[in-house]
């Protein structure tokens, strides 16, 4: 049950981050433009919030039985058929649609969602 609840809370947090991203960045910024100061600040704040969510839902061995943390971790990933959501350079996307950035390809793959480099 804890894995299911954790996954629901995580997905809710990423959904809120996605809504904020759409309101604060997508509504006022075109993907080809460089970030102005307000957009850069909003992007940095959302990246920190998403990083906090990722760190908060890391499961560690528990006491007195280390298996509890293991079971919560396992069920966190099994409780949804959808891929885990993550913040990308183009908003919140499913993990299987986001790539690790490669600086040699960034010049011509601007529309490809990547993990933020900060």
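In the working numbering, the protein residues as written are 21 to 138.
Glycine included, each C-beta is placed from N, C-alpha and C at the ideal position.
Short of 8 Å in beta carbon distance, which residues of its chain neighbour residue i, apart from the five on each side in sequence? Order them along the chain.
i	result
residue 133	108, 109, 110, 111, 113, 117, 118 and 119
residue 80	89
Inspect the beta-carbon positions of residue i and residue j and report whether they are closer than 9 Å.
i	j	result
residue 121	residue 67	no
Give me the residue from the options with the minimum Cα distance to residue i.
i	options	result
residue 131	32, 53 and 95	53
residue 29	61, 57, 78 and 129	78
residue 21	59, 82, 95 and 43	95
Beta-carbon within less than 7 Å of residue i's beta-carbon, same chain only, minus the 5 sequence neighbours each way: which residues are those?
i	result
residue 63	45 and 55
residue 99	23, 24 and 27
Quick check on DSSP: helix, strand or coil for residue i?
i	result
residue 114	strand
residue 46	helix
Please check if any C-beta of chain C sits within less than 9 Å of the C-beta of residue i.
i	result
residue 58	No chain C is part of this structure, which consists of one protein chain only.
Practice prompt. Please confirm if the stretch 83-90 is in contact with the stretch 63-73, defined as three or more CB-CB distances below 8 Å between the two stretches.
Written response: The count of Cβ pairs closer than 8 Å, one atom from the stretch 83-90 and one from the stretch 63-73, stays below three, leaving the stretches out of contact.
Discussion item. Would you call the stretch 105-119 in contact with the stretch 23-37, where contact means no fewer than 3 C-beta pairs closer than 8 Å?
Written reply: Pairwise C-beta distances place the stretch 105-119 in contact with the stretch 23-37, as three or more of them are shorter than 8 Å.
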